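Some notes on the structure that comes next.
2 protein chains.
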Amino acid sequence: MITTATTARERMQLAKDASRSIGLLGDEDKRRALLAIADAIDAASDDVVAANAEDLARGRTTGLSDALLDRLRLDAPRVAGLASAVRDVAALPDPVGRVLDERTLENGLRLTKVAVPFGVIGSIYEARPNVTVDIAALALRSGNAVVLRGGSAAERTNAALIEAMRGALRTRGIDPEAIQTVDEFGRAGARELMQARGLVDVLVPRGSAQLIETVVTESLVPVIETGAGVVHIVLADSAPVDRACAIVTNAKAQRPSVCNAVETVLVVRSAAERLVRPVVEALHGAGVTVHGDETVAALADGVVPATEDDWATEYLSLDIAIRVVDDLDEALEHIRRYSTHHTESIITEDAVEAERFLAEVDSAVVMANASTRFTDGGEFGFGAEVGISTQKLHARGPMGLAELTSTKWLARGAGQVRA
Amino acid sequence: MITTATTARERMQLAKDASRSIGLLGDEDKRRALLAIADAIDAASDDVVAANAEDLARGRTTGLSDALLDRLRLDAPRVAGLASAVRDVAALPDPVGRVLDERTLENGLRLTKVAVPFGVIGSIYEARPNVTVDIAALALRSGNAVVLRGGSAAERTNAALIEAMRGALRTRGIDPEAIQTVDEFGRAGARELMQARGLVDVLVPRGSAQLIETVVTESLVPVIETGAGVVHIVLADSAPVDRACAIVTNAKAQRPSVCNAVETVLVVRSAAERLVRPVVEALHGAGVTVHGDETVAALADGVVPATEDDWATEYLSLDIAIRVVDDLDEALEHIRRYSTHHTESIITEDAVEAERFLAEVDSAVVMANASTRFTDGGEFGFGAEVGISTQKLHARGPMGLAELTSTKWLARGAGQVRA
């Protein structure tokens, strides 16, 4: 039994109560707590792997796909990897207490805007045990309590990891109620988490587009929307063929299952004859299935006919859609219609055109002459990644620890009243 | 007829389409557009006052209260005041294009995080025509299109103001569809605005606590919650009597109808005998009705007995609640229970106690030895105020133009691919 609280609501209240002391912890206390958590995960490795074996056995009987079973699977090296990731988070600078603005009014009132923890961060995610550890570590590093709701398929694994993490907090004299799970309450627990306005300050869903859409639609708690990426690369009139092949292939095939992988390539008509065949051949060479419009199919061999659905699909696989557009205007129009506003890139030698693309495309990250795979907290140098926000409120693009903080104005006076 | 669009949805689509060109306007273009709007409001003064007279006449027959009629009323000087406020917004610096972060990766990829407009800002508010002009001006200054839904009681006044503003944009060669209203569609229009995820980027409700609660609960569009202030002042053991009287009276009586006015005073028991009587007398002298607990009633004359409801009430009137608490811990507990996390202040000579209060109170603005009336965009030096956010996501406390922008990462490369 993880805690004595018997309802999801009670668990969240415990997290909120704990958030008060967690929010006041200093940098060093939080760092040591995370190192203790990493050690505890290492020490619990056998228990975690055993719990995971139960989840895997249940998953096989309930018909989980091989891909899902693989995401769920933990062995000793993977558990060690989880602990190691916690140590990486421990080493990051404390985002709390940063002074973001300072001003002294004419009457002498001193105003300071400081970064403070949100309080309680909720996360709803699918059966990936690494997210359990990841989100808990990031939340604690930024002074927040956390309420987790992982997929039911990983329930025993998550429980073992959470027990280890809570035990580590206890040994450091820190309130273990700062890490909560509502997994045992199933879908009802997820619903209560989404309704917990006033107890939970922000909800970060992680997983499929469908999961995120459900949370965005149903949650009364403010949500940071992450994830889905129907990502575009535009090949402009002046795009060098080598660069086009290298960037498109890298953006698709280097790791096709992630949100920053390209899904659609738009080739400007004037460059189609020059670029389509070599780009398709490069993609074929990397094992990619190319879904193309009629022009693309006429210019290259082995192209699968694309339908309207292809333009809106986040394949997350070794598939790509290619369409020939009349000009940059039509490319921008296509992007407005189908993009999830995650990342888009243009390949061009024309600096004016590049700057137009950077200015006009309304996405979290807009690139010229680079692979979309760079949209990543690690690549951006944040040291950790909470997710990639595709919304415009609060955080946009790769989120680091700073995005898990809010702000507070402190006003220090000597009796000032308003005239 | 304001536009040819016949449904609320079409209006919002027009706003979104217009937001593309509005978002690319330069500082000077936006400034001139706002000056043209100010001139147009001045020029339309007679029409606006006439439209307002119709609203007032209808309001009288439908039984609007005198207070609501007064908020609704526009005469020539008030219309001139609206135009003047637009000129003030025009004079503010452009929040768009600010470089918020810059980094160059080892591979030479240059990353720049810039402030960009949200796109389309929605606002749902009550029958105050000044909000119509205010929100439109702030939205345009920050490069956003705007969809307005004012109270139906102000429909004709709002229509006249919006027509003037749209006309001014047209004369400047700017797409007038950047200013939209869904007023004619009544409650259905408000509902559609709250459902318009994907067309409207952020919704800023302004008005009563009930209006804001409805929007927060029903909106699928991300909301910035503003407003309600159950604001507390704590009088600590060492609070000087003169300072306590001056700050409490100022915070309550200088302008009782606003969200940063104090509603509850918590007096630490050790200071009660010394402070309660003079503070109550000072409040009585300012025409304030004091609702007090039994201890307060025993220490001062003319105290109305307070009930549980008083602690949770935002009076917005010349009423105040006073309670004696055992110590700072109990004061903090009371604040946690009843505060709307807007503004709280402590009066104390003890610097350690002041810093504890500043650290532990979880509100947008936390003060020591100052009147809560300073929580205000104008007082903070923002030049304009979009509202006072009581949420933790995106913006907290007084919001200026910067809070009406999102961000975008620009990545300028030379063919970089990920290893």
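Chains as they are written, first to last, in the numbering used here: chain H, 22 to 440; chain B, 22 to 440.
Think of the CB as a built atom: it goes at the ideal place given N, C-alpha and C, for glycine as much as any other residue.
All figures in this text were calculated on a predicted structure; none of them were measured in a lab.
*For Ile195/B, which residues from the same chain have a beta carbon less than 8 Å from its beta carbon, with the 5 sequence-adjacent residues on both sides left out?*
Ser42, Ile43, Leu46, Asp50, Ala54
_Please identify, using Cβ separations under 7 Å, the residues of the segment 263-276 of chain B that lie next to chain H, in order along the chain._
Arg264, Ala267, Ile268, Asn271, Gln275
_What does the Cβ neighbour count give for Gln412/H, buried or exposed, with the cut at 16 atoms within 10 Å?_
buried
*Ala181/B classed as buried or exposed, judged by whether at least 16 other C-beta atoms fall within 10 angstroms*: buried
*Quick one: what's got a C-beta closer than 8 Å to Arg94/B's C-beta in the same chain, skipping five residues either side?*
Asn73, Leu77
*If we ignore side chains and look at the alpha-carbon of each, how far apart do Val167/B and Arg32/B end up?*
10 Å
*Please state whether DSSP places Pro197/H in a helix, a strand or coil.*
helix
*Just the Cα atoms here: how many angstroms apart are Gln34/H and Ile254/H?*
46 Å
*Do we get a CB-CB distance below 8 Å when we pair Leu90/B with the residues of chain H?*
no
*Quick one: Cα of Thr82/B to Cα of Glu75/B, how far?*
11 Å
*When you compare only the Cα positions, how much space is there between Phe403/B and Ala416/B?*
14 Å
_Please tell me whether Leu296/H has its Cβ less than 8 Å away from any Cβ of chain B._
no
*Going along the chain, which residues of its own chain have a beta-carbon closer than 6 Å to the beta-carbon of Met22/H, five neighbours each way excluded?*
Low per-residue confidence applies at Met22/H: pLDDT is 47, beneath 50, and the placement is therefore not dependable, though the value from the model is reported in the following sentence. Correct list: empty, nothing qualifies.
*Lys37/H versus Ala112/H - alpha carbon distance*: 26 Å
*Shorter than 8 Å from the beta carbon of Ala282/H to some beta carbon of chain B?*
no
_Closest residue to Ser392/B among Arg276/B, Val120/B, Ala136/B (Cα-Cα distance)_ = Arg276/B
*For Glu406/H and Val373/H, the rounded distance between their alpha carbons*: 33 Å
*Within 10 angstroms of the Cβ of Val135/B, are there 16 or more other Cβ atoms? Answer buried if so, exposed if not.*
buried
*Proximal chain B residues relative to Arg30/H, where beta-carbon distance stays under 7 Å*: Correct list: empty, because the minimum Cβ distance to chain B is about 17 Å.
*Could you tell me whether any Cβ in chain H is nearer than 8 Å to the Cβ of Arg344/B?*
no
*asked:* Between which residues of its own chain and His362/B is the CB-CB distance below 8 Å, once the five residues before and five after are set aside?
replied: Asp383, Ser384, Ala385, Thr411
*Helix, strand or coil: which one does DSSP assign to Asn128/B?*
coil
*Under the assumption that Ser66/H contacts Ala97/H (Cβ atoms under 8 Å), give the Cβ distance between them as a whole number of angstroms.*
6 Å
*Other residues of its chain near Leu232/B: CB distance less than 8 Å, five sequence neighbours each side excluded*: Ile145, Tyr146, Glu147, Pro226
*Can you give the beta carbon distance from Gly434/B to Asn390/H, rounded, assuming they're within the 8 Å contact cut?*
4 Å
*Got a sec: is the Cβ-Cβ distance from Val387/B to anything in chain H below 8 Å?*
yes
*Cα-Cα separation, Thr28/B to Arg193/B*: 27 Å
*Using Cβ-Cβ distances below 7 Å, what residues of the segment 214-229 of chain H are close to chain B?*
Asp222, Val223
*From the DSSP output, read off the bridge partner residues of Pro243/B.*
Per DSSP, none; premise fails for Pro243/B.
*In the DSSP assignment, find the unbroken beta strand (DSSP E) run with Arg9/B in it and report its ends.*
No answer is possible for residue 9/B: the residues shown for chain B start at 22 and end at 440.
*Enumerate in chain order the residues of its own chain whose CB-to-CB distance from Val262/B is below 7 Å, with the five nearest sequence positions on each side excluded.*
Arg295, Leu296, Pro299
*Those runs of the alpha helix (DSSP H) which lie wholly inside the segment 370-401 of chain H and span at least 4 residues*: 372-381
*Would you check if the segment 284-291 of chain H and the segment 331-350 of chain H touch, i.e. whether three or more CB-CB distances between them fall below 8 Å?*
yes
*Would you mind listing the beta strand (DSSP E) stretches within the segment 271-352 of chain B that are 3+ residues and don't spill past its ends, in chain order?*
283-289, 310-313, 340-346
*asked:* As an exercise, report each continuous alpha helix (DSSP H) stretch of at least 4 residues that is fully enclosed by the segment 142-195 of chain H, in chain order.
replied: 150-162, 176-192
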